[in-house]
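> Counting along the sequence shown from 1, when you hit position 208 you're at 207 in numbering that gives the first Met the number 0, and nothing is skipped either side.
From the three backbone atoms N, C-alpha and C, an ideal C-beta is built for every residue, glycine too.
These figures come from a predicted structure and were not determined experimentally.
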Amino acid sequence: MIDLYRAQAEETEWLYAPEEPYAQRDGATLRLQLIFPFRRDMPADERYPVVLFVPGAAWYRQEMYNSVPQWAKLAERGAVVAAVQVRSSQEAVFPAQTEDLMDAIRHLAREAEKWHIDPHRMFLAGHSSGGHIALMTVMLHMAELAAAQEYTLRGVIAASAPTDLRLCGGKPSLDLLGLSSLEEDPERVAAASCYPYVNRTAPLPRILLIHGTQDAVVPIAHTERLHHQLVLAGKRVEFLCLSGAGHGGAWQWRNALLDRMMKFMRDG
0 MIDLYRAQAE
10 ETEWLYAPEE
20 PYAQRDGATL
30 RLQLIFPFRR
40 DMPADERYPV
50 VLFVPGAAWY
60 RQEMYNSVPQ
70 WAKLAERGAV
80 VAAVQVRSSQ
90 EAVFPAQTED
100 LMDAIRHLAR
110 EAEKWHIDPH
120 RMFLAGHSSG
130 GHIALMTVML
140 HMAELAAAQE
150 YTLRGVIAAS
160 APTDLRLCGG
170 KPSLDLLGLS
180 SLEEDPERVA
190 AASCYPYVNR
200 TAPLPRILLI
210 HGTQDAVVPI
220 AHTERLHHQL
230 VLAGKRVEFL
240 CLSGAGHGGA
250 WQWRNALLDR
260 MMKFMRDG
């Protein structure tokens, strides 16, 4: 006979904590959507890696709820998932969004026990503009991230990310920079791109780049160029090139890709 009550009591559940505040910026509260483990009599020292995921929205206001079911699929593989709301380009220009993500990292390090987070297994992730923000947070704040003792950033996962804003030029990227054209301030454009920061001495964590070959919104050239530069600089980088995939959609949450993301985190 199987004791179903006992079996269920011992299983780990993944619960959703909506609207967790993590910072005050420009008179507004920035919040996290958290998916975290729970089990009866769960030891306080049972900890899981945490993925701070930045949803993409062309740097405009993010939709923070539609993908909760998909994020739960990643959490159930053994990670706390924290979807991070950052200020939109209409609220603050770059690099404000990277400062928000740094606030979220510090907040979760302080709250690690509450959510069963291992603060020394932190990962940043994002899709599209969210991937750009995750990567640029590492590029701009690498000294603080490398020196931190209360937490450890182990890696970054960026899917379909615009990494070189010289290749953009549309309204979303111009709004992010507060410019009317890329030619108006080339230095500002470069400062919001990855390429100036990648060199052999830069203390970058491991990076997993993901991009579809048929991406019509952010051409795969963004990821190809960054991958090449990281390899030449001797950095630890992996590139998953997805044949036939476009810009986002259901492919982001297929089991094979979620498993690959978890392998990246375990290997780190």
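(1) Could you check how far apart the C-beta atoms of GLY211 and SER127 are, in whole angstroms? I think they sit under 8 Å.
(2) Check GLY130 in the structure and name its three-state DSSP category.
(3) Look at the alpha carbon of GLY247 and the alpha carbon of PHE238, and state the distance between them as a whole number of angstroms.
(4) By the 10 Å Cβ neighbour count, where 16 or more other Cβ atoms means buried, how is VAL230 classified, buried or exposed?
(5) Since LEU29 and ALA16 are thought to touch, with beta carbons under 8 Å apart, how far apart are those beta carbons, to the nearest angstrom?
(6) Could you name the residues that DSSP lists as bridge partners for HIS210?
(7) Report the residue from ALA249, LEU31, LEU164 whose alpha carbon sits nearest the alpha carbon of CYS193.
(8) Counting along the chain, where does the alpha helix (DSSP H) carrying ALA111 start and finish?
(9) Are GLY154 and PHE263 closer than 8 Å when you measure CB to CB?
(10) Extract the residue ranges of the beta strand (DSSP E) inside the stretch 171 to 223, only unbroken runs of 3 or more that lie entirely within it.
(11) Give the DSSP bridge partners of TYR47, in chain order.
(12) Quick one: Cα of GLU96 to Cα of SER242, how far?
(13) Tell me which residues share the same chain as ARG224 and place their Cβ nearer than 8 Å to its Cβ, disregarding the 5 neighbours each side in the sequence.
(14) For GLY55, collect the residues of the same chain with a Cβ closer than 6 Å to its Cβ; drop the 5 residues on either side in sequence, then sort them by chain order.
(15) Taking the DSSP output, what are the residues bridged to MET101?
(16) To the nearest angstrom, how far is the alpha carbon of PRO185 from that of ARG259?
(17) Taking LEU166 as part of the beta strand (DSSP E), name the residues at either end of that continuous run.
(18) What's the gap between the Cα of GLN213 and the Cα of ASP44?
(19) Can you check which of these residues, HIS226, SER179, TRP70, MET138, is closest to TYR196 by C-alpha distance?
(20) Within 8 Å, do at least three Cβ pairs link the stretch 105 to 125 to the stretch 62 to 70?
(21) Verify whether the separation of the beta carbon atoms of GLU75 and ARG38 is less than 8 Å.
(22) Would you check if the distance between the CB atom of SER88 and the CB atom of LEU175 is smaller than 8 Å?
(23) Output the boundary residues of the alpha helix (DSSP H) element that contains ARG86.
(24) Let me check understanding here. Comparing Cα to Cα, which of VAL236, ALA142, ASN254, TRP70 lies closest to VAL83?
To lay it out plainly:
(1) The residue you call residue 211 lines up with position 212 of the sequence shown. The residue you call residue 127 lines up with position 128 of the sequence shown. At roughly 11 Å, the Cβ-Cβ gap does not stay under 8 Å, so GLY211 and SER127 are not in contact.
(2) Translated into positions along the sequence shown, residue 130 becomes position 131. Correct three-state label for GLY130: helix.
(3) Here the question's residue 247 lines up with position 248 in the sequence shown. Here the question's residue 238 lines up with position 239 in the sequence shown. One C-alpha to the other measures close to 16 Å.
(4) Position 231 of the sequence shown holds residue 230. The residue in question, VAL230, is exposed, as its Cβ has fewer than 16 Cβ neighbours within 10 Å.
(5) On the sequence shown, position 30 is the one that residue 29 refers to. On the sequence shown, position 17 is the one that residue 16 refers to. Taking 8 Å as the upper bound for CB-CB distance, LEU29 and ALA16 are not in contact here, some 15 Å apart.
(6) Indexing the sequence shown from 1 puts residue 210 at position 211. Partner(s): CYS240.
(7) Along the sequence shown, read from residue 1 onward, the residue named residue 193 stands at position 194. Closest by alpha carbon: LEU164.
(8) In the sequence shown, counting from the first residue as 1, residue 111 sits at position 112. Segment 111 to 114, the alpha helix (DSSP H) holding ALA111.
(9) By 1-based counting over the sequence shown, the position of residue 154 is 155. By 1-based counting over the sequence shown, the position of residue 263 is 264. A contact, by the Cβ cut-off of 8 Å.
(10) 205 to 211
(11) As a working mapping, residue 47 is identified with position 48 in the sequence shown. For TYR47, which the question treats as bridged, DSSP gives the partners ILE116.
(12) Sequence index remark: in the sequence shown, residue 96 carries index 97 (1-based). Sequence index remark: in the sequence shown, residue 242 carries index 243 (1-based). Note on identity: in this sequence residue 96 is Gln, with Glu being the wrong assignment. So the alpha carbons of these two residues sit roughly 31 Å apart.
(13) Here residue 224 is taken as the residue at index 225 of the sequence shown, counted from 1. Cβ neighbours of ARG224 beyond the five flanking positions: THR162, ASP163, TYR194.
(14) To locate residue 55, count along the sequence shown from 1; it is residue 56. Within the same chain, GLY55 has close Cβ partners HIS126, SER127, SER128, GLY129.
(15) As a working note, residue 101 is residue 102 in the sequence shown. In the DSSP output, where bridge partners are listed per residue, MET101 has none listed.
(16) Start at 1 with the first residue of the sequence shown, and residue 185 comes out as number 186. Start at 1 with the first residue of the sequence shown, and residue 259 comes out as number 260. C-alpha separation (whole angstroms): 37 Å.
(17) By 1-based counting over the sequence shown, the position of residue 166 is 167. No beta strand (DSSP E) holds LEU166; DSSP gives it neither H nor E.
(18) Along the sequence shown, one-based indexing puts residue 213 at 214. Along the sequence shown, one-based indexing puts residue 44 at 45. Across the structure, GLN213 and ASP44 are spaced so that their CA atoms are roughly 44 Å apart.
(19) What you label residue 196 is simply residue 197 of the sequence shown in a count that begins at 1. Considering only alpha carbons, the answer is MET138.
(20) no
(21) Position 76 of the sequence shown, counting from 1, holds the residue named residue 75. Position 39 of the sequence shown, counting from 1, holds the residue named residue 38. Note that the C-beta distance between GLU75 and ARG38 is not below 8 Å.
(22) Along the sequence shown, one-based indexing puts residue 88 at 89. Along the sequence shown, one-based indexing puts residue 175 at 176. Yes, they are a contact pair.
(23) Translated into positions along the sequence shown, residue 86 becomes position 87. Neither: ARG86 is in no alpha helix (DSSP H) and is coded neither H nor E.
(24) Numbered from its first residue, the sequence shown carries residue 83 at position 84. Checking every option, the nearest Cα to that of VAL83 belongs to TRP70.
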